[in-house]
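Reviewing the structure listed below.
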Amino acid sequence: MTNSIREIEGMDVLFIIGSNTKESHPVIANRMIKAYRRGARIIVADPRKVPMVKFADLFLRMRPGTDIALLNGIANVIVAEGLQNYDFIREKTAGFEEWKKTLEQFSPERVEQITGVPKEDIIKAARLYGGSRKAGIFYTMGITQHTCGTDNVRAIANLAVLTGNIGREYTGINPLRGQNNVQGSSDAACMPNVLPGYQRIDLPEIRQKFEAAWGVTIPPKPGLTATEMMDAAVEGRIKAMYIMGENPIITDPNMHHTTKALEGLDFLVVQDIFMTETAKLADVVLPAACSFEKNGTFTNTERRVQRVRKAVNPPGEARDDLSVIMEISRRLGYHMEYRSPEKVLEEYRQLWPAMGGITYGRLEGKGIQWPCPTPEHPGTEYLYKDGFPKGKVNFTPVSYNPPAELADKEFPFVLTTGRNLFQYHSGSMTRQVKAIEDHAGEPYVEISPEDGHTLGVSDGDVIRVISRRGEILIKARITRRVSAGTVFVPMHYREAAANALTNDALDPDVKIPEFKVCAVRLQTAS
Amino acid sequence: MSNTTVIRVCMGPGGIAAGGKEVLDTFEKCLSEKNIEASVRENCSSHQVGCMGLCARDVLVEVHANGAKTTYQYIKPDMVERIVTEHISGGRPVAEWLVDDAFSAFYKKQVKVVLSDVGKVDPEDIDAYIAAGGYESAREALTSWTPRDIIDEIKSSGLRGRGGAGFPTGLKWELGRASAGDTKYIICNADEGDPGAFMDRAVIEGNPHSVAEGMIIGAYAIGASKGYVYIRAEYPLAVERLKLALHQAADRGFLGTGIFGTAMDFDIEIKLGAGAFVCGEETALIASIEGQRGMPRPKPPFPVNRGLWQRPTVINNVETLANIPYIIRNGCSWYASYGTERSKGTKVFALTGKIRNPGLIEVPMGITLREIIYEIGGGIENDKSLKAVQTGGPSGGCIPASMLDLNVDYDSLARAGSIVGSGGMIVLDEDDCMVNMAKYFVHFTQTESCGKCVPCRVGTKRLLEILTRITRGEGKTGDIELLERLSAGVKAASLCGLGQTAPNPVLSNIRYFRDEFVAHVRDKKCPAKVCREMLTYRILEKFCKGCGACLRACPGGAITGAKKKPHVIDPGKCIRCGACFDVCRFKSVEKE
Amino acid sequence: MVKVRIDGKEIDVPGSITILETARRNDIYIPTLCHHPKLTPFGGCRLCIVEIKGMPRPVASCTTQVAEGMEITTSTDAIEDIRKLVLELILSDHPNDCMVCEKAGSCTLQDLAYAYGIRDNEFPGERRTYTTRDGNPFIERDLEKCILCGRCVKACDEIQGVEAIDFGYRGFKSKICTAYEEDLDCEFCGQCVAVCPTGALTGKAWKQQGRTGGLREVDTVCPYCGTGCNITVHVKRNEIVRITSAEDTANEGWLCVKGRFGYNFASSPNRLTKPLIKRDGVFVEAGWDEALDHITARLGEIKAQHGSDAIAGLSSARCTNEENYVFQKFMRAAVGTNNVDHCARL
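Chains as they are written, first to last, in this note's numbering: chain A, 1 to 526; chain B, 527 to 1118; chain C, 1119 to 1464.
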């Protein structure tokens, strides 16, 4: 997030696209409701009538995978009506004129054709967002989990830059991170192409800094992303994997492909708190501590580094990940001797200036938001106050391409996937909670009343959902949340795994799979 | 003019209940029959009109012919034909059905302002109201007065809110005018809820246009563009007539855009209440219009600053608003010439209870209770003795017979521990138990409490429990003091007017009738012989003829006795229902 | 700025705040039950009444804003009598079973009854009784302990935007319920539980697991989504028995169903407790040394045979910053590959 969660309540317009905030980030939704009570106007763009729609002035019900058309269409209206921020464009951006030309093809009429959103609503959305100088955009995986995910994000950035809605309090671009420390994992560079703090691994001076600190030579070539690892494993290029706290069988697209990849490995280590579907395939399983059982820090979606404190001891012989990794490393001949997590952070902050001022001592209370370069620095509530890293920010022309797999005669429905309120991700934690299982323990597929009627499927019927990659048996839930032609399956349930169906087509830039759109057909089970 | 005949049939709440609709229909049927001369038929019209006042003698029918007014009482449909034949056609009034002297006494001390057209104009005909001068005040106000002029006029008239609290209307409008805001509202509070009160209902049913006109003038004075009438759904006829009146007014350009040819836009919307008493409280009423549960909100902020949808809102009662056209028409000094120094004008009361002439009356403020009860009301029913007069409903209190010369105005009643309230006036005689009376009102407020604040929700429940045990003969020493202390607490601590006034009937009854409470608690006796748990029924052997009527009436099988022999009540089986007492023709059943 | 006088003390306040807020900012105590700082004022419990010079009757300090020159008295004999009366009335319709109540120790009503020394009740009478009826696994509703302060109703509406519950019925029979007493259509966020001042709303799983005072409290961060809500974990011996969140946290004390009620996965009997090595397709328990030796040996072999880039590591967003840092350092420095990633894309 470029803003803080707190700032949400001061925004005048909230543009929520591809985020089921009320279910996936319920407490952020609380802030949005606070803004709503203050009089903020809310636009929700989503193929599904997500709960946030209750608070929306405008609900843009788009076809899955048509975000770019919608975003460009809105930008086009903003430019046509002169609502853009001229000063901001002049002073802080580059490439406006060229970009502007690419918008022309996105007339409201054409965008209506592509997205299914009435052109009047596109114009209204443009006037609402473009007419405000205190507007925030919020998105999650509904934007990123597409083959065009990177372009979706660029289209969002264009819109914010066009209106100057970034770099000030109460206005910005806010991807909401879906997992407690996904921000921190990225920051700490569990990523193949960067070193901690997003410092490029292909730059020698960066590598040298880390090599000096770590006393080793760091390979210069970027590694493989998670989804590429699976492909490489299938192809036999990856022979061994060490998986710490992940459950890719459930969370990766195309479950059969993932299973094949992991089964084909020579050696697989899984370190987890439960015997997950992934752990079952391992050669060695190590019992880990959960976050209630260890000390450390998490970084939330607003870049706030906060203390995690040990409340209970791990069960049996389970150990925290830190000590396990240090021990294996030692046995492999590389010594990492941190007496406590605090010592790790001490090293980390020396190597990443944005974290430079963050110490355990300063994290009592509400934590600190990076960048925080010095021990005196209070942390940073919103980004780009003093301009952009590269000086001027570029408008990036983005063209609309349909999703990799479209509904056709054979697979006439579009499947989109996501979370529900009660379960979490692969379910390895929440599905162990009896109350949650009692209340929301059963998988379901959301089908519109129209489609239910056509197919002769009633609420509660068990049906077969089939894609080119797999099929599941699942209960039908007839609901107006989805519109005709679209169905939704939550990702949490191994017994009817959405990812047995999803497409492993990737975004070419960042390798995110297209979880949000694939083609399926529905069959009555008997 | 002189050869036209007009028949007015009372179709106020009392008139309809007594069969006014059937009487009117019969008149119309009779008049259209062949044996009536054509000239009579052409020149005669029959109308429904609102409440004529003396509901006890409904159906009341007025015949205006040859410049004279004749009034008939207790008219039933089968009497109509004779009136038509003898009076309308023949010119000879039916003497034995005419009202008597007591009837004119009922009206003699009354002064009709709000009710001046009620009972005269057809409430469903805007032209009737216009012919009586209606909407002229609004036209004049909007075209030649400034809002300031109107506010000054109303202030000078001394009109105070007729809904209960008696807040000066002109001052409320002035505050509404001064309150900043682009959008303002005026609300007519027609959520009449006091048991026995039907003043507002009679005004709306009898002359809905006067309320609409009052609202138009009020809206102009404060700068409101939208009005609401919040009215009980239990008043379907009032709602229907009001709806019709608003349609008619809009058709004439009195409501809508550019009303009366001026630049002013004003509309009135009807909102139906679901019969919650607390919604008569203005902040609860606002919540209810907003679609929320009718629960009072704390004041301040007062509605006049932040009311409906957080906008400045003036809320006036029906009677208050219906006064406005007449004040504008006749001038403030005319209005102020009635009443007392601090309570000007007239007030409508619903006179009910043990009174000979129950009905709807309008009297100048300051009139004595004696005048109301003995002159207008004709005294106590069945020549019993007056015990007290209950005014102000569940928020009010009792005035004992000893204070009969009390002036009826805001201040005098307040000093006596009661209130004018919305205008309910219940006359009590020697057969009414004051503990039971207090229990009745507390039961009412307890079940109507919205539940929001503790003193009202739980406090009135405990008051009710204590009163209940006293009436059951289970009162404990100290209960009266406990009632007083709890009442004081509930009054002081409650959030809204409902709770703050709920203990009034208890406190006022204890104040004037403490002995009766003591008799209940200490002697386990109900002096008025009302509280049945404390009664014993006994058959007096010397009067009993053994007719068996009581035996047959007794639902508990407590009476035994052979035919023509004195009967006996088994006290163990007697449930003290009083059926034997009521049924005995020989006064041989005694209760004590 | 507005100048007011509270209990004789002159105070400058920025305008348009309530008397209660002014008092709290100046460490002047006024008792309340229905007021909650994060919710709009209600004015129902009447405990916070104060006297204002020139006003005919006491006013609720939670709903009355300060005005220039106001002279406020927060405690007089009359006021304290009313407060005591109100408390007695509440307690006259309360089970008073603090001995077995989950809320004992953190119950505002209990604290006030204690402070006012209310033992006997002058106004005993009928108590509301309800048959328990709830088909949800998260929230325990004991309506007999409900004092109708309305906090839950407001939290559900103003904070959560759900409006699952409201006041129903009238008079003594008033109660908090769903519309037409239909089944609860609820997100089970438990904000209502968080704001309830009595034992009327508690967590189902809390039952007899321990109460405030007898539990160890540890402040940490929620293990679920990226919002990073601050939570307080209540621990009995080595088990988590309750999760709450303080009002002064970044998330203002609000949580969701997972964060508030989804904690007992940690004590699940299905947790892994010993290293396991697969032998002939079957997992066999092993000691840590044995398991680590096995891992080291196999990774060493594969690295030697196929090179470092034949090995890949996946880390987790469930792990701490420190663990993630150490993991990628391990992959890069010890294994010698950049094949390291985590679940950000999933």
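Think of the CB as a built atom: it goes at the ideal place given N, C-alpha and C, for glycine as much as any other residue.
A quick note: this is a predicted structure, and the numbers were derived from the prediction, not measured.
>> Considering only their Cβ atoms, is the gap separating Leu-641/B from Leu-897/B smaller than 8 Å?
In response: Walking along the second sequence from the start, residue 897/B turns up at place 371. Walking along the second sequence from the start, residue 641/B turns up at place 115. It should be pointed out that residue 897/B corresponds to Glu in this sequence rather than to Leu. No. Outside cutoff.
> Hey, quick one: how far does the beta strand (DSSP E) through His-573/B stretch, first residue to last?
Replying inline: As a position in the second sequence, residue 573/B is number 47, starting the count at 1. Residues 570-575.
>> For Ile-730/B and Gly-1286/C, what's the separation of their Cα atoms in angstroms?
In response: For this step, residue 730/B is matched to residue 204 along the second sequence. For this step, residue 1286/C is matched to residue 168 along the third sequence. For Ile-730/B and Gly-1286/C, the distance between alpha carbons rounds to 31 Å.
>> Here's the rule: buried if 16 or more other CB atoms are within 10 angstroms of the residue's CB, otherwise exposed. What is Met-1119/C?
In response: Position 1 of the third sequence, counted from the start, is the residue given in the question as residue 1119/C. Exposed, by the Cβ-count rule.
> Just curious, the beta strand (DSSP E) that Met-241/A is in, first and last residue?
Replying inline: The count along the first sequence starts at 1 and reaches residue 241/A at position 241. Segment 240-244, the beta strand (DSSP E) holding Met-241/A.
> Is the beta carbon of Glu-263/A less than 8 Å from the beta carbon of Pro-403/A?
Replying inline: By one-based count along the first sequence, residue 263/A stands at place 263. By one-based count along the first sequence, residue 403/A stands at place 403. Cβ atoms of Glu-263/A and Pro-403/A: not closer than 8 Å.
> Counting only beta-carbon atoms, is Lys-221/A nearer than 8 Å to chain C?
Replying inline: Here residue 221/A refers to the residue found at position 221 of the first sequence. Lys-221/A counts as touching chain C.
> Mind listing which residues of the stretch 967-982 of chain B have their C-beta closer than 8 Å to chain C's C-betas, in chain order?
Replying inline: Gln-972, Thr-973, Glu-974, Ser-975, Cys-976, Gly-977, Lys-978, Cys-979, Val-980, Pro-981
> How many whole angstroms separate the CB atoms of Lys-1392/C and Gly-316/A, which I take to be in contact at a CB cut-off of 8 Å?
Replying inline: Taking the first residue of the third sequence as position 1, residue 1392/C is located at position 274. Taking the first residue of the first sequence as position 1, residue 316/A is located at position 316. Their Cβ separation, rounded to whole angstroms, is 6 Å, which keeps Lys-1392/C and Gly-316/A in contact under 8 Å.
>> Is it buried or exposed, Asn-592/B, if we count other Cβ atoms within 10 angstroms and call 16 or more buried?
In response: Along the second sequence, one-based indexing puts residue 592/B at 66. By the 10 Å Cβ count, Asn-592/B comes out exposed.
>> Restricting to Cα atoms, I'd like to know which of Asp-643/B, Pro-649/B, Ala-582/B is closest to Val-625/B.
In response: Here residue 625/B refers to the residue found at position 99 of the second sequence. The residue with the shortest Cα to Cα distance from Val-625/B is Ala-582/B.
>> Does Thr-1249/C pass the burial test, meaning 16 or more other C-beta atoms within 10 Å, or should it be called exposed?
In response: Here residue 1249/C corresponds to residue number 131 of the third sequence, with the count starting at 1. Answer is exposed; the Cβ neighbour count stays below 16.
> So which of Thr-1194/C, Gly-1431/C, Asp-1252/C, Arg-1246/C has the shortest CA-CA distance to Asn-1457/C?
Replying inline: Counting from one through the third sequence, the residue named residue 1457/C turns up at place 339. Out of Thr-1194/C, Gly-1431/C, Asp-1252/C, Arg-1246/C, Gly-1431/C has the C-alpha closest to the C-alpha of Asn-1457/C.
> Would you call Asp-1215/C buried or exposed, if buried means 16 or more other Cβ atoms sit within 10 Å of its Cβ?
Replying inline: For the purposes of this step, residue 1215/C is taken as the residue at position 97 of the third sequence. With fewer than 16 other Cβ atoms within 10 Å, it is exposed.
> Which of helix, strand or coil does DSSP assign to Arg-767/B?
Replying inline: Taking the first residue of the second sequence as position 1, residue 767/B is located at position 241. Arg-767/B: helix per DSSP, three-state reduction.
> In chain C, what lies closer than 7 Å to Met-11/A by C-beta?
Replying inline: Your numbering for residue 11/A matches position 11 in the first sequence. Under the 7 Å cutoff, chain C gives no residues; its nearest Cβ is about 16 Å from Met-11/A.
> With burial defined as no fewer than 16 other Cβ atoms inside 10 Å of the residue's Cβ, what is the status of Ser-399/A: buried or exposed?
Replying inline: The count along the first sequence starts at 1 and reaches residue 399/A at position 399. Per the 10 Å Cβ criterion, exposed.
> Can you find at least 3 beta carbon pairs, one from the stretch 977-992 of chain B and one from the stretch 900-909 of chain B, that sit closer than 8 Å?
Replying inline: no
> Between which two residues does the alpha helix (DSSP H) containing Ala-160/A stretch?
Replying inline: Along the first sequence, one-based indexing puts residue 160/A at 160. Taken as a continuous stretch (DSSP letters only), the alpha helix (DSSP H) holding Ala-160/A covers 149-163.
>> Report the start-end ranges of each alpha helix (DSSP H) in the stretch 220-298 of chain A that is 4 residues or longer and not cut off at the edges.
In response: 226-235, 248-251, 255-263
> Per DSSP, Asp-793/B forms a beta bridge with which residues?
Replying inline: Within the second sequence, the letter at position 267 stands for residue 793/B. In DSSP, Asp-793/B forms a bridge with Lys-752/B.
> Is there contact here, the stretch 109-126 of chain A with the stretch 60-79 of chain A, by at least three beta-carbon pairs under 8 Å?
Replying inline: yes
> Using the C-alpha atoms, what's the distance from Val-433/A back to Asn-1382/C?
Replying inline: As a working note, residue 1382/C is residue 264 in the third sequence. As a working note, residue 433/A is residue 433 in the first sequence. Computed Cα separation, rounded: 6 Å.
>> Below 8 Å on C-beta distance, what does Ser-1210/C contact in chain B?
In response: Along the third sequence, read from residue 1 onward, the residue named residue 1210/C stands at position 92. Simply Val-984, Arg-988.
>> Could you tell me the alpha carbon to alpha carbon distance between Leu-83/A and Ala-1364/C, rounded to whole angstroms?
In response: Taking the first sequence and counting its residues from 1, one reaches residue 83/A at position 83. Taking the third sequence and counting its residues from 1, one reaches residue 1364/C at position 246. Rounded to the nearest angstrom, the two C-alpha atoms are 43 Å apart.
> Closest to Ile-796/B by CA distance: which of Thr-866/B, Gly-707/B, Cys-714/B, Ile-1006/B is it?
Replying inline: Position 270 of the second sequence, counted from the start, is the residue given in the question as residue 796/B. Measuring from the Cα of Ile-796/B, the nearest candidate turns out to be Cys-714/B.
> Would DSSP call Ala-1428/C helix, strand or coil?
Replying inline: Indexing the third sequence from 1 puts residue 1428/C at position 310. The answer is helix: DSSP assigns Ala-1428/C an H, G or I state.
> Near Leu-506/A, what residues of its chain come up, given a Cβ to Cβ distance below 7 Å and the 5 sequence neighbours on each side ignored?
Replying inline: Residue mapping note: residue 506/A aligns to position 506 of the first sequence, counting from 1. Result list for Leu-506/A: Thr-147, Thr-227, Ile-512, Pro-513, in chain order.
> Going along the chain, which residues of the stretch 236-254 of chain A sit with their C-beta nearer than 8 Å to a C-beta in chain C?
Replying inline: Arg-237, Ile-238, Lys-239, Ala-240, Met-241, Tyr-242, Ile-243, Met-244, Gly-245, Glu-246, Pro-248, Thr-251, Asp-252
> Can you give the Cα-Cα distance for Asp-528/A and Arg-469/A, rounded to whole angstroms?
Replying inline: Residue 528/A lies beyond the range of chain A shown here (1 to 526); nothing can be said about it.
>> Within 10 Å of its beta-carbon, does Ser-558/B have 16 or more other beta-carbons around it, so buried, or fewer, so exposed?
In response: One-based indexing of the second sequence puts residue 558/B at position 32. Label assigned to Ser-558/B: exposed.
>> For Ala-213/A and Asn-295/A, what's the separation of their Cα atoms in angstroms?
In response: On the first sequence, position 213 is the one that residue 213/A refers to. On the first sequence, position 295 is the one that residue 295/A refers to. Each residue's Cα considered, the two are about 24 Å apart.
>> I'd like the span of the beta strand (DSSP E) that includes Tyr-1063/B, first residue to last.
In response: Here the question's residue 1063/B lines up with position 537 in the second sequence. Where Tyr-1063/B is concerned, the enclosing beta strand (DSSP E) stretches over 1063-1065.
>> Against chain C, does Phe-267/A count as a neighbour if the rule is that its beta carbon must be under 8 Å from one of theirs?
In response: The count along the first sequence starts at 1 and reaches residue 267/A at position 267. Output row for Phe-267/A: interface = yes.
> Is Asn-1348/C closer than 8 Å to Gly-184/A when the C-beta atoms are compared?
Replying inline: Looking up residue 184/A in the first sequence gives position 184. Looking up residue 1348/C in the third sequence gives position 230. Contact: no.
> What are the boundary residues of the alpha helix (DSSP H) that includes Met-951/B?
Replying inline: The residue you call residue 951/B lines up with position 425 of the second sequence. Where Met-951/B is concerned, there is no enclosing alpha helix (DSSP H), although the beta strand (DSSP E) it sits in stretches over 950-955.
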